[in-house]
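Worksheet for the structure shown next.
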Amino acid sequence: MSFLMEHLPILLVAIPLLMAPIMILTRSYPGLQKVLNLVASVGLLALSGLLLSSVWNGGITVYEVGEFGKYGIVLVADLLSASMVGLNCLIGCMGLIYSYDYIESKSLNLTYHSLYNLMLAGINGIFLTGDIFNLFVFFEIMLLSSGALIVANETSSVTKISDKMEATMKYIVLNMLGSNVMLIAVASLYASIGSLNMADIAIKVQILADAGTMPWHMYAIGLLFIIVFGGKAAVFPLHYWLPDVHPTAPSPISAMLSGVIIKIGAYGILRVLFVIFAPLQAVFGPIILMLALITIGLGATSAIGQNDVKRLLAYSSVSQIGYVFMGFGMGAIAYSSGEVTGAVLIIAASFVYLVNHALAKSMLFLTSGGIIHHAGTRDMRKMGGMINSDPAMCVAFLVGAMSIGGVPPMGGFIAKFSLFDAGLRYAFYIPIAIALLFAVFTLFYMFRGWMLMFWGERDPQYGEYSHHKSSLLMVGPIFLLAALVLIFGIFAEPLLEISQTIAAQVIDPQPYIDAVLVRVIR
Amino acid sequence: MTTIITKTIAKICLMVDMLYSLDLLLIGGNRPGGGFIGGVLCACGIGLIYVAYGYEDVKKIWNPDWHSWFGYGLLFASITAISPLLAGHNYFRSAFELSPLIVGGFHLGELELVSSMFFDLGVYFVVIGGLLFIVTQVGMDKGKDPEGGK
Chain A
1 MSFLMEHLPI LLVAIPLLMA PIMILTRSYP GLQKVLNLVA SVGLLALSGL
51 LLSSVWNGGI TVYEVGEFGK YGIVLVADLL SASMVGLNCL IGCMGLIYSY
101 DYIESKSLNL TYHSLYNLML AGINGIFLTG DIFNLFVFFE IMLLSSGALI
151 VANETSSVTK ISDKMEATMK YIVLNMLGSN VMLIAVASLY ASIGSLNMAD
201 IAIKVQILAD AGTMPWHMYA IGLLFIIVFG GKAAVFPLHY WLPDVHPTAP
251 SPISAMLSGV IIKIGAYGIL RVLFVIFAPL QAVFGPIILM LALITIGLGA
301 TSAIGQNDVK RLLAYSSVSQ IGYVFMGFGM GAIAYSSGEV TGAVLIIAAS
351 FVYLVNHALA KSMLFLTSGG IIHHAGTRDM RKMGGMINSD PAMCVAFLVG
401 AMSIGGVPPM GGFIAKFSLF DAGLRYAFYI PIAIALLFAV FTLFYMFRGW
451 MLMFWGERDP QYGEYSHHKS SLLMVGPIFL LAALVLIFGI FAEPLLEISQ
501 TIAAQVIDPQ PYIDAVLVRV IR
Chain B
1001 MTTIITKTIA KICLMVDMLY SLDLLLIGGN RPGGGFIGGV LCACGIGLIY
1051 VAYGYEDVKK IWNPDWHSWF GYGLLFASIT AISPLLAGHN YFRSAFELSP
1101 LIVGGFHLGE LELVSSMFFD LGVYFVVIGG LLFIVTQVGM DKGKDPEGGK
């Protein structure tokens, strides 16, 4: 047990990294592969829970990779990283179970299992690393493996392979450009500060700010980071790739992309702009807030006209990530005007929003996979009356739509309520008014989609629904996530409490810096 | 492309290329080089042979499964990285030893032995396997042979 506790942060990266080659070498034994991968991903989920509880009880854990001494590579598990890792492992595990019946078996055992493990390793690494260059390295691992997963074949495919190729091309090329920008930003940061360790950089930037000798290019580097993480999170004006990529990917991968991978951008903004560039928040806060408000409006208005169920959900993701970033922008403005408790409250609310959106949206994407499986099309106008033929999907979609729309008693209601409440308390009237307006839009487009698919009758010219119902392996994960959405709506206190602590840690990075820099070197 | 000149030069290049790639792999510890760059060079050499002789002809003589080279390489690298955990150290910790190199009674210098060498070896195979897997997949013409087929 002590062995496990000592090496806990690295195991979350090392286990999927070890599983990836094992999955390649066992590709002639599909049954063995499935069992092994399931055991590994359930194990990862358990380990991430253990990490979260150990960080909650015992404070920030720092793990030194390779024992290179003081300036080596560190993994830092604070409460923010540990909870993001938990979210990733949970949605990853559910997505994996779902894909056993959803992904075509040849694609599944040749490449899917190993790439899925590499993707999990990359995402866990992004959340855990304490070194900004390693953040870039893990970004690349995540990007390449998720890019290849987008072309995986489904058992009942309604997406043309040429569309998938186009989507992958867009995803990889645009994110490679993003990585390039990130490399430039990291290199310039290193050139001006002389360190890559995030805690070390934070201290040195603070010293520059206190002395009043902040070089002008630090602002430029901060803006480059906003471009990088904004591009990952699909914030205006870099949102345009998302509605093409997320719908074309197979549903479990869409769930991962919308549930976890766009949250990486949000995590990056929290980590880089609030820890490293803490003294510059007065400049970056209004920029983030502006972009977030445009994103909210653009995503919501585009989602209204969509007839493709997965495109609807993708545009909704664009709009919802805007709410998360709106919280970050308001938090930064509140912090720079001296309202520290206000900033904590707002950041905590946007973290609650992030978690609830991740759960509800990944559940909705998995549900949309089941719906497509049943209806044989992605066009909602060609569906109708599915409440009779597939009631399970109907209930699941309703739960997700209620949560995204912010209807009590779902988690989304708590998220929207606490975000708007915190914003109003610190007099952000205009942003909240805009957000409220588009929250009504959200309610409209989610329920329009639900009614189109499940109410009424199907036009006879589109034929009968297939008798192909979703199997237990597909319904199970959906209902587990739906239960979590409901639980976070009814028993919201634990999540709210954790979010408050996370926000306090983000706003005051001193414990993080102390944990990384003041430690015994083996 | 496949003139006799290309074929002859490709063969000569392959030998030089392999030696240089092994050299880069072995000096990787402290000087520029290592598994990644050595692997890229080796894959370039083999790729040149594929280009000069054509995928179908090379396949008749030597047709390794590059996908599993990738798998074994990654497994090897991953196990090397994990094994320090069993010895009570942290992930990626490398053992280091200088041993005198004595051949026939003559002391030729110090030989630097590091366990991260095995990691580099794993990366070497990952890079070769990965690059050549892509090259062969792209080069494998599943459609009609433009020259009428042999």
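Which chain is which? The protein sequence lines are A and B, in order.
Just so you know, we're using my numbering here: the first sequence kicks off at 1 and counts up by one.
Just so you know, we're using my numbering here: the second sequence kicks off at 1001 and counts up by one.
Beta carbons: idealized from backbone N, C-alpha and C, even for Gly.
> Would you say Ser1115 of chain B reaches chain A, if we count a Cβ-Cβ gap shorter than 8 Å as a contact?
Replying inline: No, Ser1115 of chain B lies away from the interface with chain A (no Cβ there is under 8 Å from its Cβ).
> If you run the structure through DSSP and keep just helix, strand and coil, what is Ser83 of chain A?
Replying inline: The answer is helix: DSSP assigns Ser83 of chain A an H, G or I state.
> Alpha carbon to alpha carbon, what distance is there between Tyr1072 of chain B and Gly456 of chain A?
Replying inline: Gly456 of chain A and Tyr1072 of chain B have their C-alpha atoms roughly 55 Å apart.
> CB Val1114 of chain B to CB Phe1125 of chain B, shorter than 8 Å?
Replying inline: Contact flag unset, no.
> Closer than 8 Å, Cβ to any Cβ of chain A: which residues of the stretch 1081-1104 of chain B, in chain order?
Replying inline: Against chain A - using a Cβ distance shorter than 8 Å - the residues of the stretch 1081-1104 of chain B are Ala1081, Ile1082, Leu1085, His1089, Asn1090, Tyr1091, Phe1092, Arg1093, Ser1094.
>> Please state the DSSP three-state secondary structure of Ala244 of chain A.
In response: Looking at the sequence provided, one finds Asp at residue 244 of chain A rather than Ala. The answer is helix: DSSP assigns Asp244 of chain A an H, G or I state.
> For Ala300 of chain A versus Phe441 of chain A, is the C-beta spacing smaller than 8 Å?
Replying inline: Less than 8 Å divides the Cβ of Ala300 of chain A from the Cβ of Phe441 of chain A.
>> I'd like to check one pair, Tyr335 of chain A with Ala348 of chain A: are the Cβ atoms closer than 8 Å?
In response: Not closer than 8 Å, so no.
> Among the residues of its own chain, which have a CB less than 6 Å from the CB of Ser188 of chain A, if the five just before and after it don't count?
Replying inline: In chain order, Ile221 place their CB closer than 6 Å to the CB of Ser188 of chain A, counting only its own chain and leaving out the 5 sequence neighbours on each side.
> Taking Cβ-Cβ distances below 9 Å as the criterion, which residues of the stretch 1065-1078 of chain B are in contact with chain A?
Replying inline: Those residues of the stretch 1065-1078 of chain B placed with their C-beta closer than 9 Å to a C-beta in chain A are His1067, Ser1068, Phe1070, Gly1071, Tyr1072, Gly1073, Leu1074, Leu1075, Phe1076, Ala1077, Ser1078, ordered along the chain.
>> Less than 8 Å between the beta carbons of Ile141 of chain A and Ala121 of chain A, yes or no?
In response: In terms of Cβ geometry, Ile141 of chain A and Ala121 of chain A form a close pair [threshold 8 Å].
> Do the CB positions of Leu298 of chain A and Gln306 of chain A come within less than 8 Å of each other?
Replying inline: No, the pair does not count as a contact, with Cβ atoms beyond the cut-off.
> Would the beta-carbon of Val85 of chain A fall within 8 Å of that of Phe127 of chain A?
Replying inline: Contact: yes.
> Unbroken alpha helix (DSSP H) runs of length 4 or more, entirely within the stretch 247-308 of chain A: which are they?
Replying inline: Whole alpha helix (DSSP H) segments, 4+ residues: 251-256, 262-268, 281-304.
> Count the other CB atoms within 10 Å of the CB of Gly95 of chain A; is the residue buried (16 or more) or exposed (fewer)?
Replying inline: When all chains shown are included, Gly95 of chain A counts as buried.
> So, is Ile502 of chain A buried or exposed, given that buried needs 16 or more other C-beta atoms within 10 angstroms?
Replying inline: In the assembly as shown, Ile502 of chain A is a buried residue. Its beta-carbon has 16 or more other beta-carbons within 10 Å.
> What residues match up with Asp379 of chain A in a beta bridge as DSSP calls it?
Replying inline: Answer is A:Asp308, bridged to Asp379 of chain A.
> How would you write the range of the beta strand (DSSP E) that Ile432 of chain A sits in, first residue to last?
Replying inline: Not the beta strand (DSSP E): Ile432 of chain A falls in the alpha helix (DSSP H), residues 429-454.
>> In this structure, how does DSSP classify Leu486 of chain A when only helix, strand and coil are distinguished?
In response: The answer is helix: DSSP assigns Leu486 of chain A an H, G or I state.
> So, are the CB atoms of Leu359 of chain A and Gly411 of chain A less than 8 Å apart?
Replying inline: Yes, Cβ-Cβ distance for Leu359 of chain A and Gly411 of chain A is below 8 Å.
> Would a check of beta-carbon distances place Ile226 of chain A closer than 8 Å to chain B?
Replying inline: Chain B contact via Cβ: absent.
> Are three or more beta carbon pairs between the stretch 235-245 of chain A and the stretch 354-369 of chain A nearer than 8 Å?
Replying inline: Between the stretch 235-245 of chain A and the stretch 354-369 of chain A, the count of Cβ pairs shorter than 8 Å is below three; the stretches do not touch.
> How many Å lie between Arg458 of chain A and Asp379 of chain A at the Cα?
Replying inline: Arg458 of chain A and Asp379 of chain A: Cα-Cα distance of roughly 12 Å.
> Within the 8 Å Cβ cut-off, does Pro30 of chain A reach chain B?
Replying inline: Not one chain B Cβ lies under 8 Å of Pro30 of chain A.
> The beta strand (DSSP E) spanning Tyr112 of chain A covers which residue range?
Replying inline: It is not in any beta strand (DSSP E) - Tyr112 of chain A carries neither H nor E in the DSSP assignment.
> Quick one: is the Cβ of Phe277 of chain A within less than 7 Å of any heavy atom of the ligand SAH?
Replying inline: Because no ligand of any kind appears in the structure shown, any question about the ligand SAH cannot be addressed here.
> So Asn180 of chain A and Glu104 of chain A are in contact, right, with Cβ under 8 Å, and what is the actual spacing, rounded?
Replying inline: 34 Å between Cβ atoms; not a contact.
> Rounded C-beta distance between Phe454 of chain A and Ile387 of chain A? I'm assuming under 8 Å.
Replying inline: Confirmed, about 4 Å.
> Quick one: does Val65 of chain A have its CB under 8 Å from some CB of chain B?
Replying inline: Interface with chain B (8 Å Cβ-Cβ cutoff): Val65 of chain A is included.
>> Is the separation between the beta-carbon of Leu1108 of chain B and that of Leu1098 of chain B shorter than 8 Å?
In response: Contact flag unset, no.
> Taking Leu366 of chain A as the reference, which of A:Cys93, A:Tyr353, A:Ile498, A:Leu115 has the closest Cα?
Replying inline: Cα-wise, what sits closest to Leu366 of chain A is A:Cys93.
> So which residues on chain B does Ile24 of chain A lean against when the C-beta distance must stay under 9 Å?
Replying inline: Close partners of Ile24 of chain A in chain B (Cβ separation under 9 Å): His1067, Ser1068, Phe1070, Gly1071, Tyr1072, Leu1074, Leu1075.
> Of the choices A:Leu486, A:Leu208, A:Ile269, whose alpha-carbon is the least far from that of Phe351 of chain A?
Replying inline: Among A:Leu486, A:Leu208, A:Ile269, the Cα nearest to that of Phe351 of chain A belongs to A:Ile269.
> Is the Cβ of His7 of chain A closer than 8 Å to any Cβ of chain B?
Replying inline: For His7 of chain A, the answer is yes, since a Cβ of chain B falls inside 8 Å of its Cβ.
> Which of helix, strand or coil does DSSP assign to Ile24 of chain A?
Replying inline: Helix, per DSSP.
> I think Val76 of chain A touches Glu64 of chain A, with their Cβ atoms under 8 Å apart; what is that distance to the nearest whole Å?
Replying inline: Their Cβ separation, rounded to whole angstroms, is 10 Å, which puts Val76 of chain A and Glu64 of chain A out of contact at 8 Å.
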